[in-house]
Every structure is written in C-alpha cells, then in structure tokens.
Amino acid sequence: MTKHELIAPAGTKDLYLPVMAEITDVRQMTPLEKLFEIRLPGGVDLGHRPGQFVEVSLFGVGEAPISISSSPTKKGAFDLGIRKVGMLTEMIHRMQPGERIGIRGPFGSGFDMTKFKGKDVLVIAGGIGLVPLRSLINYVLDNRADFGRLVICYGSKSDTDLLFEDERRAWEQDPRVEFHLTVDHGSPAWSGRTGVITTLIPGLDLDLPNTLACVCGPPIMYRFVLLALKSKRLPEENIYMSLERRMKCGVGKCGHCQINGSYVCQDGPVYHYPDIKALREAL
Amino acid sequence: MANKPRVGIFDFTGCEGCELNQLNFEDQLLDILEHVEIVEWREAMDGQAEELDIAFVEGSLSTPDCIKRIHEIRRKSKVLVALGACAVQGGMNALKNIRPIEQVREEVYGQDKYLFPTLPALPISSVVKVDVNVRGCPMTQLEFLKVFTSLVMGKSPIEPGNSVCTECKLKDNECVFEKGMICLGPITRAGCDAQCPSFGQYCTGCRGLVPEPNVEAMEEILVAHGLSMDDARKKLQLFNANQLEGVS
Amino acid sequence: MARFYLEKGKVAAFIAHLQSQKTVYAPHRKGRNAFAFAPVERPQDVVLDYPRTVSSIKKYFLPPREELLSFNLAENTCAQPAVAPLDAVFLGVHSYDVHAVLKLDHNFVTGNPERNYLTRRQGALIVGVGFTPDRFHFSGSVGIPAGDTTGCDLFLHPCEGGYALEVLTPAGEKLVAGFKLPAHTSGLPAAAPFQQHIYVPQAKLKDVFAHNYDNAVWEEEAEKCMSCGTCNLVCPTCYCFDVEDAVDITVTRGSRERRWDGCMLRSFTEVAGGEVFREEPAARQRHRVYRKFKYISDETGEPWCVGCGRCTASCTADISIVSIVNRLVNDYDAVKA
Ligand SMILES: Cc1cc2nc3c(=O)[nH]c(=O)nc-3n(C[C@H](O)[C@H](O)[C@H](O)COP(=O)(O)OP(=O)(O)OC[C@H]3O[C@@H](n4cnc5c(N)ncnc54)[C@H](O)[C@@H]3O)c2cc1C
Ligand code: SF4
Ligand code: SF4
Ligand code: SF4
Ligand code: SF4
Ligand code: FES
Numbered sequence: 155m156t157k158h159e160l161i162a163p164a165g166t167k168d169l170y171l172p173v174m175a176e177i178t179d180v181r182q183m184t185p186l187e188k189l190f191e192i193r194l195p196g197g198v199d200l201g202h203r204p205g206q207f208v209e210v211s212l213f214g215v216g217e218a219p220i221s222i223s224s225s226p227t228k229k230g231a232f233d234l235g236i237r238k239v240g241m242l243t244e245m246i247h248r249m250q251p252g253e254r255i256g257i258r259g260p261f262g263s264g265f266d267m268t269k270f271k272g273k274d275v276l277v278i279a280g281g282i283g284l285v286p287l288r289s290l291i292n293y294v295l296d297n298r299a300d301f302g303r304l305v306i307c308y309g310s311k312s313d314t315d316l317l318f319e320d321e322r323r324a325w326e327q328d329p330r331v332e333f334h335l336t337v338d339h340g341s342p343a344w345s346g347r348t349g350v351i352t353t354l355i356p357g358l359d360l361d362l363p364n365t366l367a368c369v370c371g372p373p374i375m376y377r378f379v380l381l382a383l384k385s386k387r388l389p390e391e392n393i394y395m396s397l398e399r400r401m402k403c404g405v406g407k408c409g410h411c412q413i414n415g416s417y418v419c420q421d422g423p424v425y426h427y428p429d430i431k432a433l434r435e436a437l
Numbered sequence: 311m312a313n314k315p316r317v318g319i320f321d322f323t324g325c326e327g328c329e330l331n332q333l334n335f336e337d338q339l340l341d342i343l344e345h346v347e348i349v350e351w352r353e354a355m356d357g358q359a360e361e362l363d364i365a366f367v368e369g370s371l372s373t374p375d376c377i378k379r380i381h382e383i384r385r386k387s388k389v390l391v392a393l394g395a396c397a398v399q400g401g402m403n404a405l406k407n408i409r410p411i412e413q414v415r416e417e418v419y420g421q422d423k424y425l426f427p428t429l430p431a432l433p434i435s436s437v438v439k440v441d442v443n444v445r446g447c448p449m450t451q452l453e454f455l456k457v458f459t460s461l462v463m464g465k466s467p468i469e470p471g472n473s474v475c476t477e478c479k480l481k482d483n484e485c486v487f488e489k490g491m492i493c494l495g496p497i498t499r500a501g502c503d504a505q506c507p508s509f510g511q512y513c514t515g516c517r518g519l520v521p522e523p524n525v526e527a528m529e530e531i532l533v534a535h536g537l538s539m540d541d542a543r544k545k546l547q548l549f550n551a552n553q554l555e556g557v558s
Numbered sequence: 003m004a005r006f007y008l009e010k011g012k013v014a015a016f017i018a019h020l021q022s023q024k025t026v027y028a029p030h031r032k033g034r035n036a037f038a039f040a041p042v043e044r045p046q047d048v049v050l051d052y053p054r055t056v057s058s059i060k061k062y063f064l065p066p067r068e069e070l071l072s073f074n075l076a077e078n079t080c081a082q083p084a085v086a087p088l089d090a091v092f093l094g095v096h097s098y099d100v101h102a103v104l105k106l107d108h109n110f111v112t113g114n115p116e117r118n119y120l121t122r123r124q125g126a127l128i129v130g131v132g133f134t135p136d137r138f139h140f141s142g143s144v145g146i147p148a149g150d151t152t153g154c155d156l157f158l159h160p161c162e163g164g165y166a167l168e169v170l171t172p173a174g175e176k177l178v179a180g181f182k183l184p185a186h187t188s189g190l191p192a193a194a195p196f197q198q199h200i201y202v203p204q205a206k207l208k209d210v211f212a213h214n215y216d217n218a219v220w221e222e223e224a225e226k227c228m229s230c231g232t233c234n235l236v237c238p239t240c241y242c243f244d245v246e247d248a249v250d251i252t253v254t255r256g257s258r259e260r261r262w263d264g265c266m267l268r269s270f271t272e273v274a275g276g277e278v279f280r281e282e283p284a285a286r287q288r289h290r291v292y293r294k295f296k297y298i299s300d301e302t303g304e305p306w307c308v309g310c311g312r313c314t315a316s317c318t319a320d321i322s323i324v325s326i327v328n329r330l331v332n333d334y335d336a337v338k339a
C-alpha cells in the first residue's frame, strides 16, 4: 500500500462549506417548475461549464444537486431551474427574491465545449432535461460562429408542462436554430406534434460525422434515444449524455452517485457515451 | 411567529404509552408552546376546533365510532400525523387481527360482546391518508421533536428507511446475536437510535418494517436460532401483523 | 531499527508510559463477546489478545456521526466546527486495520482532499499487535500477514512470555524512550496459520471479476440477505456517508450531520419520486463485493478488502465474502478450463 502524505495540500478547499448567494429573480415556469436567478457575493462569476451542477443548500433542510441552467456567457448571475418534488425543493419554491441560499460548486465534468468547435450540435432533451441543456444551447447561441448547425429536439409529457416559454418561442423564430417539439399527450388546445421524443429523430437530416448529440432526460429515455440514434447511424463517439443519480456530497466522497466504478459527481454527470457503454448500471 | 400552526391532539385505542403527556417534556414544553397553538386536546380541553393545521393522532382504530371520528379529523386537518406503533402499524392491537375476531371479543368482553362492536385494530393509514408517521412503541421524544420541528419549519419530514442495525453499528454495539439472543433489527426501520440493542435487549420491531423487507430471510434466521417457524412468525407479527398481512 | 522484549507483566506499565505522553486508544471488552476501541483509562482494562473489534479505528478519523456545519437559522449563517488533530496513540491495532487506514487515506487524499479526515489523521501514531487468525480472518490472502508492520510506528509481535516490541519509525522510538526494556534477540515465532483463504493469486483477481458480473451467486446470496447494511458499516475500508440536517427545539439553531451509510441499503440510491437506481438486492451485493475487489482495485492495483472478516462475522444471515469470492474463482476456472 502506497503511503500518502497526510497534510492537506495548500489550496485545499472547504469541501462542505457553502457560499451564501442571493436570489435575484424567481419565475414560475410551470405549476411544478420555477426558474431562479442567483447572484454570488460581489456578483462574481460561478465559472462553470455547460452541464455542470451546484449543490443548493437551505440550512436546517438540506442540500440538493441542481444543474446550472444558464450559459457561462451570462455574467453576474446564474440560473437554476428547479422542480418541486420533495422536502428541499418545496422549501426553495417558497423563497422570494432577496432571500439567500447556500451554493457549493460548480461540480462535475460538464461539456468540454472545445470538442464542439465547428461541429453541428444536436440537443435531445426530455422534460426537465432541458434545464441543464439550456446552458449549452445558450452557450452555442452566444458563440454562434464557433459552431455548425444547432438542432434542438425537445419532448415533454404534455403541452402544459413545457419549460422556458419565452426562449422556446425565440428558438422557434430564430433562423440559426432548428427547433423540434413534441409532447406525449397534448391537451385539447394543442395543435403541435404528439408522440414520444424518439419519434423526432428518424426525420432529422443530419451531417452524421460532423454532428455531436447531447442527451438529457428521465432515466427511461436514454435507452430509446440511443436506439433511435443508432438506427440513424450516428457514430457512438458523437454521443454525450448527462446522467442523474442520488447525490449527497458532490465532491467524490459520499459514494451515493456511483455507477459501477464511476462517480457521477466527478466523472459525470456529462459522459462521453463510449466511456460508459461498458458500465452495466449506466443506462 | 405571526401565525402559529393550530394543533389538535386526538387519541384512539392504544396502550397509552405513546400519549404525548407520557413523554417527559418538562424541559421542552415551553419551547413547543412557543411554536404552536393547541386548540383541541381531548385530555385537557373542552370544545372542538373547526380547522387544524396539524392533527396528532394516537392509537389504532377498532370501533365504527373510531372510523367516523378519524374521517372528521382528516377532513379538518391540513397535516395528519400518526403517533406511535398503534396508530402507524395497528400496533399491538393488531395482534387480534390474526385470531378470529369472535374469539377476541369473547376474551375481551365476555358475555357483553354484542354490546361492543369491534373491528380489527386498524392502523390510521388504512382508513384515511396519513401525512407523517412517528413510529415506535412507545415513540421516542427524540423523534417526536424531530418531526415537530420539521412541521414548524414547514418542511415534510423524511422517514428513515434504513435498518435498526445501521444505528446499532454507528454506536459500536455488540450485536445481541453474539449473546445467543435473536433480534429483528435487520428488517426494522431505524429512527430509535437502536435503543433496545443499546441496552442489551433485542429489537422487537416496534417501529415497523423497512421498505421491501426480506421477511423470509429473517424468519429463516430466527428458525436457525432455535425458534419454531410458528414462534418466528409470532415474533414478527407482534408489531407488524397488519403489514405482514398486507393490510396497511 | 531496534527490537525489545516486553514481558507480559510490564505491559500495563508500558501503556502507562504511553499515556504519560499522549491519549491512548486501545481495544476493550464491550458487552459479552465483543471488543471495541476506546480511550484508555486504566491500563489493565486494555485487551491486546482479541479477535477483532466491532468497528475499526476508522471511527476516530471518520466518525460515525460528525457535524459538518452548524447553523444560525435566524441569521441564515453557517460555520464549520473546528477539527483538531488527534495527537494520539492507537495501541493494539491488527495489521489489516492499519492497512485499512492506509486505504482510507487514499480515498480522502485523492480527488478532492478532505480536510476533516486529514486533520484528524495527521497526528495518529500506531502500535500494531499480532493476532491469532480465527475462522473469519483471511487477510493473509490479500497480502496482509498477521505480523505485517506496514504503517505502524511500533509493533508488538506476540512471543513466549510477552511481546517482541519492534521499533519502526523515529516517532515510535520517541514513544519508547525512557521506558527501560531489554533487547529481544531471539527470532520471531512463526505466526499462526489462517483458517480462511481466498484461493486466487492477486494477479488473476482482475480477470475473475471481469467475468462474473452475471454470476448466479449474487441472486442466491440476495435471497438470504436482509439489506441491513451491517456488512458496510463494520467494514474498515467502507467510507460512504449520508448527510442530514437537524434543528433544535427552538428552531433557531441547527446542524448538518454526516453519518456512515452503505451501498447494501436500499435507500442508498433512492431519489425523489421513488426511483431506486440499484433496486435489486443482488445488484447491491455485487456492488459491495466489486467495490472491494474490482472498482477501486482496477485503479490502484490492490484489493480494497483487507480480510478482517468483520462483514462475515457480523452478518446475521451468514453471508460470507470469502465464500462468494471463492465461488467466483471456481466458476471462472470452470469456464476457462
Ligand atoms: C447532477 C444532477 C442535476 C440535477 N439537476 C436538477 C435540476 O436542474 N433541476 C431539478 O429540479 N432537479 C435536478 N436534479 C434532481 C434534484 O437533485 C432532486 O430533485 C432533489 O435532490 C430533490 O430533493 P428534495 O429534498 O426536494 O427531495 P427529497 O425526496 O425530499 O430528497 C431528500 C434528499 O435525497 C436526495 N435526492 C433525492 N432525489 C435526488 C435526485 N434526483 N438526485 C440526487 N439526489 C436526490 C437529496 O440529497 C435530497 O436532499 C438533479 C440531480 C442531479 C444528480
Ligand atoms: S443487535 Fe439487532 S439491531 Fe443490532 S446489529 Fe444485531 S441484529 Fe442488528
Ligand atoms: S430497537 Fe426495535 S423494539 Fe426497540 S425501540 Fe427500536 S425499533 Fe422498537
Ligand atoms: S450484513 Fe448480511 S444480511 Fe445484512 S446487508 Fe450485509 S450481507 Fe445482507
Ligand atoms: S469486505 Fe469484509 S473482510 Fe473485507 S475489509 Fe470489509 S469487512 Fe473486512
Ligand atoms: S455525490 Fe458524493 S460521491 Fe458523488
């Protein structure tokens, strides 16, 4: 057994100590989802990559991993889109602008945007999977010249829980974006497309070798999207996916997020598909 | 605090070990009253409240009258908390469920049995929706306060899903199996800080079973330690007759 | 370095000598048939000849419950409780538990170094002691003989009439200084043999585990397993934890506490909405064993099980990690033959 130096190296961070940040804006997106704008002390940038997450903390309640929904190109504040599902997220939903929450991070791998330079970007988002991918979408839009086509496929349970209303409409209008939308079950008022997200894929006209796909959605979605991308003959090396697991520490210590031997909070949540293909617990 | 939560406390059939006034709250009582307004308490107050923020309910349901009352309580309460094993699992009262009801009535009421219609001792959750469970026979002060403070903060408390063994090991306890005893800790829900094994006693399972318990494996262990299959079942049924029968 | 002879009659005096310098933690009897490390009050209560303790000395560096933050809810502020180096002597530690601490060091140094663990760990001095393997120990099979002195400052080799006290580091030398002992000149007695073995050369372990992901043994053991988590919590190389917030009765103060957790527990991978990512008990059993023999081992080249036998000794369902691994080896050999 190799012996380790037991002195915490210079610059060792306080792994579990949050920074207090201010909620500067709250917008209700759907009955279950709100978008929070968060400002760190002094308005310093979080310094994240698209696809990374933070641990959001409410004292006496707990912590939860939440994806950063804004692009690093947004300065002075960042966005978190939060679905109300349990103890902590319910409490956060009651908070108002001016109140303060704890933030640790950014954590995780995120998308390495240098690999995307010059490529066509295909975004496949199921439900709340659009929240993290919005960071990537806006990054591409803010550095539009660096990338090829931007194709967005967004699938939602119904038209009543669609996220980011204003931006979505902007993407629909924007000639620089190819936006495809489908819902599993439309309300009577719905005039758009109905069907699960995989039904969008066969019809796409893609420059396969030059297209990088980024997938995020509920756990059951991945397998079917992969099948659809495979029958489309998109090379495996062109697929990235963001996975979700139970997390506690976010810094590779608590063990909860493991997928076989991989720590999602460190090696993920964004994975290059060839790296996790062999992990049996991944998909 | 501007609007203190309005609280009601109710009791049904139980052994009274869990009644709130049995927990020695002298030190905390003032703090508790600081946070809530108790508007209905059958023990100590007359009158009924129209609406409650939190209803604490003790005991299991064993007469048609109980059923009527619990529906009323549910209707007027925003949050309903079941207190103690009787309320949560049907408790010891549920033991009578595994014997023919006629026999039980004979034993309990003798000749007068037809004057007292009884039902099996049902957990509250088998009749109305329960929002929060405070488990144990008796429930512990520790856990009651944990749930209470959560509710005061407006957060929904999370029930521990781990086994009593985990708490036993956190305390570096000697496992009572080492002493030739048996123990239901492996499939019993944590939250009591393994209080029985910590005192050298075995866990009787008073807090109910963990989610997805492997009951067959537990039974086999009890049998391997010398119990007959029948005795093993009885040990498991003491507090969990309803859960094992799939009632709750 | 030097080797002294410490006769049985002088052990208590030697412990007192250590106590005069630092806090001493050592094994004590706990309950009827169990042992646990505890701070030494009276040297005569220390038990140096014991099979194994319930938890290892891990509990001092990664406490079972630890406050990570304290809160002031009224002001919405938090603070980290101060963590002090232990500056203590751990006396009577078995070789496998010392190895386990070295493995924990690895987990808390690599990636994001954790200050809490490292601070506690820094000042710890270790006095190892030999042991007689019982029916659960198998550390010999994972490269850790009973007399292995790795990581120790001093080591007590049991011998006729007492111990051969081996000095291994300058810090150990300082601990002994001032306590007059004769030199130990005869050879060390051969250690007692292990009764349990994993029948596989370490070089082959990698292949064995690569080929047994779908072995029927996981399902078979899962039928007996109650997912109680004991095997995780007693393991000296398990380090997973859960974190929970609590508030006091005034609802103005609170704390964030971490406590040991384990991958055998169903809730370990459960998320809001009820999804459990490692839902099947068989998958959890495999994960535990793979954590000890594959996942970390593939990176470090070493088994992450130190062969203490705790998980097997304390499993009420009699699930044995040795039997599981030997079964995997047999099945692998059968397929390859
Ligand atoms: C990398 C990552 C990114 C995420 N991004 C978002 C996002 O952008 N928006 C969003 O609404 N949700 C996101 N989630 C899910 C979010 O973390 C959970 O919904 C949240 O933890 C639920 O907490 P709760 O206290 O409200 O629920 P409870 O059920 O009360 O959970 C109690 C505790 O369990 C753990 N837990 C429960 N569910 C999850 C989960 N899904 N993932 C991890 N830990 C969990 C947490 O520690 C939590 O505090 C993300 C999860 C991960 C892993
Ligand atoms: S005494 Fe009971 S609860 Fe404690 S470890 Fe043993 S079986 Fe589990
Ligand atoms: S140890 Fe078992 S019987 Fe005792 S209080 Fe806890 S759950 Fe109840
Ligand atoms: S100690 Fe035994 S019964 Fe408990 S989780 Fe481990 S293997 Fe299963
Ligand atoms: S896996 Fe079992 S034998 Fe191996 S170190 Fe852990 S507790 Fe000891
Ligand atoms: S979240 Fe704790 S290790 Fe990944």
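Chains as they are written, first to last, in this note's numbering: chain H, 155 to 437; chain P, 311 to 558; chain A, 3 to 339. Using N, Cα and C, we set each Cβ at its ideal position, and we do this for glycine too.
Inset, instruction - Taking only heavy atoms of ligand 7 into account, decide whether any of them is closer than 8 Å to the Cβ of residue 464 of chain P. - result: As presented, the structure is devoid of ligand 7, carrying ligand 1, ligand 2, ligand 3, ligand 4, ligand 5 and ligand 6 as its sole ligands.
Inset, instruction - Below 9 Å between beta carbons is the criterion; list the residues of the region 228–254 of chain H that meet it against any residue of chain P, in chain order. - result: 240, 241, 242, 244, 245, 248
Inset, instruction - Take the Cβ of residue 509 of chain P as the centre, count every other Cβ of all protein chains shown within 10 Å, and call the residue buried at 16 or more, exposed below. - result: The residue you call residue 509 of chain P lines up with position 199 of the second sequence. Its Cβ having fewer than 16 others within 10 Å, residue 509 of chain P is exposed.
Inset, instruction - Determine the contact status of residue 241 of chain H and residue 215 of chain H, defining contact as a CB-CB distance below 9 Å. - result: Against the first sequence, residue 241 of chain H aligns to sequence position 87. Against the first sequence, residue 215 of chain H aligns to sequence position 61. The answer is yes: Cβ separation under 9 Å.
Inset, instruction - Output the boundary residues of the alpha helix (DSSP H) element that contains residue 201 of chain A. - result: Sequence index remark: in the third sequence, residue 201 of chain A carries index 199 (1-based). Looking at the DSSP string, residue 201 of chain A is not in any alpha helix (DSSP H), and its letter there is neither H nor E.
Inset, instruction - For residue 504 of chain P, verify whether its CB is less than 8 Å away from any heavy atom of ligand 3. - result: Here residue 504 of chain P refers to the residue found at position 194 when the second sequence is read from its first residue. Correct: residue 504 of chain P has its Cβ closer than 8 Å to ligand 3.
Inset, instruction - Identify each residue in the region 457–470 of chain P for which the Cβ-Cβ distance to at least one residue of chain A is less than 9 Å, and report them in chain order. - result: 458, 459, 460, 462, 463, 468, 470
Inset, instruction - Could you list the residues in the region 235–253 of chain A with a C-beta less than 9 Å from some C-beta on chain P, going in chain order? - result: 235, 236, 244, 246, 248, 249, 250, 251, 252, 253
Inset, instruction - Could you say if the region 106–125 of chain A and the region 277–288 of chain A meet the contact criterion of at least three C-beta pairs nearer than 8 Å? - result: no
Inset, instruction - Pair every Cβ in the region 104–118 of chain A with every Cβ in the region 268–283 of chain A, then say whether three or more of these pairs are closer than 8 Å. - result: no
Inset, instruction - Counting only the same chain and skipping the five closest in sequence on each side, list residues whose C-beta sits under 6 Å from that of residue 558 of chain P. - result: Taking the second sequence and counting its residues from 1, the one referred to as residue 558 of chain P is at position 248. Note that residue 558 of chain P scores a pLDDT of 42, beneath 50, so its modelled location is shaky; the value from the coordinates is reported in the next line. 433, 435, 436, 552.
Inset, instruction - Under 6 Å from any heavy atom of ligand 5, by CB: list those residues in chain order, please. - result: A:236, A:237, A:238, A:239, A:294, A:307, A:308, A:309, A:310, A:311, A:312, A:313, A:323
Legend entry - Nearest-angstrom Cα separation, counted from residue 236 of chain A out to residue 160 of chain A: Locating residue 160 of chain A in the third sequence gives position 158, counting from the first residue. Locating residue 236 of chain A in the third sequence gives position 234, counting from the first residue. Rounded to the nearest angstrom, the two C-alpha atoms are 26 Å apart.
Legend entry - CA nearest to the CA of residue 164 of chain A, picked from A:7, A:319, A:136: Taking the third sequence and counting its residues from 1, the one referred to as residue 164 of chain A is at position 162. Of A:7, A:319, A:136, the residue nearest in Cα terms is A:7.
Legend entry - Neighbour list for residue 473 of chain P in chain A, Cβ cutoff strictly below 9 Å: Against the second sequence, residue 473 of chain P aligns to sequence position 163. In chain order: 228, 229, 230, 231, 232, 267.
Legend entry - Contact list for residue 180 of chain H against chain P, beta-carbon separation under 9 Å: If you number the first sequence from 1, residue 180 of chain H lands on position 26. Chain P residues near residue 180 of chain H: none, gap ~17 Å exceeds 9 Å.
Inset, instruction - Compare the C-alpha of residue 395 of chain P against each of P:358, P:387, P:443 and name the closest. - result: Walking along the second sequence from the start, residue 395 of chain P turns up at place 85. Checked all of P:358, P:387, P:443; the closest Cα to residue 395 of chain P is P:443.
Inset, instruction - Could you have a look at residue 311 of chain A and say whether DSSP puts it in helix, strand or coil? - result: Sequence index remark: in the third sequence, residue 311 of chain A carries index 309 (1-based). DSSP places residue 311 of chain A in coil when its eight states are reduced to three.
Legend entry - Exposure of residue 250 of chain H, with buried meaning 16 or more beta-carbon neighbours within 10 Å: Locating residue 250 of chain H in the first sequence gives position 96, where the first residue counts as 1. The residue in question, residue 250 of chain H, is exposed, as its Cβ has fewer than 16 Cβ neighbours within 10 Å.
Legend entry - Per DSSP, cross-strand counterpart(s) of residue 74 of chain A: In the third sequence, counting from the first residue as 1, residue 74 of chain A sits at position 72. Bridge partners of residue 74 of chain A: A:79, A:255.
Inset, instruction - Compile a chain-ordered list of the residues in the region 58–89 of chain A whose CB is closer than 7 Å to at least one CB of chain H. - result: 70, 71, 73, 75, 78, 80, 82
Inset, instruction - Starting from the N-terminal side, write out each stretch of the beta strand (DSSP E) that is 3 residues or longer and does not extend beyond the region 262–337 of chain H. - result: 274–280, 304–310, 332–337
Inset, instruction - Check whether the Cβ of residue 375 of chain H lies closer than 8 Å to any heavy atom of ligand 1, and answer yes or no. - result: Indexing the first sequence from 1 puts residue 375 of chain H at position 221. No - ligand 1 has no heavy atom lying nearer than 8 Å to the Cβ of residue 375 of chain H.
Inset, instruction - Say whether chain A places a C-beta atom closer than 9 Å to the C-beta of residue 367 of chain H. - result: Position 213 of the first sequence holds residue 367 of chain H. No, its Cβ sits nowhere closer than 9 Å to a Cβ of chain A.
Inset, instruction - Kindly indicate which residue of A:322, A:58, A:251 has the alpha-carbon position closest to the one of residue 423 of chain A. - result: Since the first residue shown for chain A is 3 and the last is 339, residue 423 of chain A is missing from the structure and cannot be characterised.
Inset, instruction - Name the one or two DSSP bridge partners that residue 348 of chain H has. - result: As a first step, residue 348 of chain H must be located in the first sequence, where it is residue number 194. Answer is H:337.
Inset, instruction - Please find out if some non-hydrogen atom of ligand 6 comes closer than 8 Å to the beta-carbon of residue 100 of chain H. - result: Residue 100 of chain H cannot be examined here, being either before or after the span of chain H that is shown, 155 to 437.
Legend entry - Backbone CA spacing between residue 172 of chain A and residue 311 of chain A [nearest angstrom]: In the third sequence, counting from the first residue as 1, residue 172 of chain A sits at position 170. In the third sequence, counting from the first residue as 1, residue 311 of chain A sits at position 309. Distance between the alpha carbons of residue 172 of chain A and residue 311 of chain A: 32 Å.
Inset, instruction - Please find out if some non-hydrogen atom of ligand 4 comes closer than 8 Å to the beta-carbon of residue 161 of chain A. - result: In the third sequence, residue 161 of chain A corresponds to position 159, counting from 1. No, Cβ of residue 161 of chain A sits at least 8 Å from all heavy atoms of ligand 4.
Legend entry - Interface flag, residue 220 of chain A vs chain P, CB-CB below 9 Å: On the third sequence, residue 220 of chain A is found 218 positions in, with the first residue counted as 1. Chain P contact via Cβ: absent.
Inset, instruction - Please compile the residues from chain A whose C-beta is within a distance smaller than 8 Å of the C-beta of residue 370 of chain H. - result: Counting from 1 along the first sequence, the entry for residue 370 of chain H is found at position 216. What residue 370 of chain H touches in chain A: nothing, since even the nearest Cβ is about 15 Å away.
Legend entry - Chain-ordered residues of the region 26–48 of chain A with a beta carbon less than 7 Å from chain P: 32, 33, 34, 35, 36, 38
Inset, instruction - Measure the alpha-carbon distance for residue 152 of chain A versus residue 453 of chain P and round it to whole angstroms. - result: Position 150 of the third sequence, counted from the first residue, corresponds to residue 152 of chain A. Position 143 of the second sequence, counted from the first residue, corresponds to residue 453 of chain P. C-alpha separation (whole angstroms): 45 Å.
Inset, instruction - Work out the CA separation of residue 377 of chain H and residue 300 of chain A for me, nearest whole Å. - result: On the third sequence, residue 300 of chain A is found 298 positions in, with the first residue counted as 1. On the first sequence, residue 377 of chain H is found 223 positions in, with the first residue counted as 1. Computed Cα separation, rounded: 27 Å.
Legend entry - Coarse secondary structure for residue 419 of chain H, derived from DSSP in three states: Along the first sequence, read from residue 1 onward, the residue named residue 419 of chain H stands at position 265. Looking at residue 419 of chain H - three-state DSSP - the assignment turns out to be helix.
Inset, instruction - Could you tell me if residue 131 of chain H is buried or exposed, where buried requires 16 or more neighbouring beta carbons within 10 angstroms of its beta carbon? - result: This structure cannot speak to residue 131 of chain H, because chain H is shown only from 155 to 437.
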